[in-house]
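Residue numbers (my numbering): 30 to 139.
Before any comments, here is the structure.
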Amino acid sequence: MRRIEKNTLGEDGVHRGRRGRGRADAINKLALGGFELVLMDWNMPNMTGIEALKLIKANPNTKAVPVIMVTSESEKTRIMEAIQSGAANYVVKPFQPETLQEKISAVTKK
């Protein structure tokens, strides 16, 4: 899935990406700035993706960065919670590269 994400981003002209190793690392990197998009899984070590999303959206320095949840969590309540918490979009694994590309395009062209 990560390879598909990387290839899809490359097709959209994104050739520089950074990956966080867990919640603290990802949020610290995001706070440094320079990010136009975050792809985040719901299931992460030490904290759920939804908890991290809420931290991102609560921080004035990071709240404008769009977050797309890319996860195997497919329950309607999870999707609704993510959107209500500030996710710009939601992609359920497994997915086709075209699906991710459409979601990224919809978010980055706003």
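We put the CB at the ideal spot given by N, CA and C, even for glycine.
By the Cβ criterion, the stretch 121-131 is not in contact with the stretch 77-91, since fewer than three pairs of Cβ atoms, one from each stretch, lie closer than 8 Å. Taking all protein chains in view, the Cβ of residue 65 is surrounded by fewer than 16 other Cβ atoms within 10 Å, so the residue is classified as exposed.
Counting only the Cα atoms, residue 99 lies some 15 Å from residue 114. Of the candidates 89, 108 and 123, 108 places its Cα closest to the Cα of residue 117. Excluding the 5 residues flanking it on each side, residue 135 has same chain C-beta neighbours closer than 7 Å at 118, in chain order.
Cβ contact annotation for residue 95 (same chain, cutoff 6 Å, sequence separation greater than five): 66, 117 and 136, in chain order.
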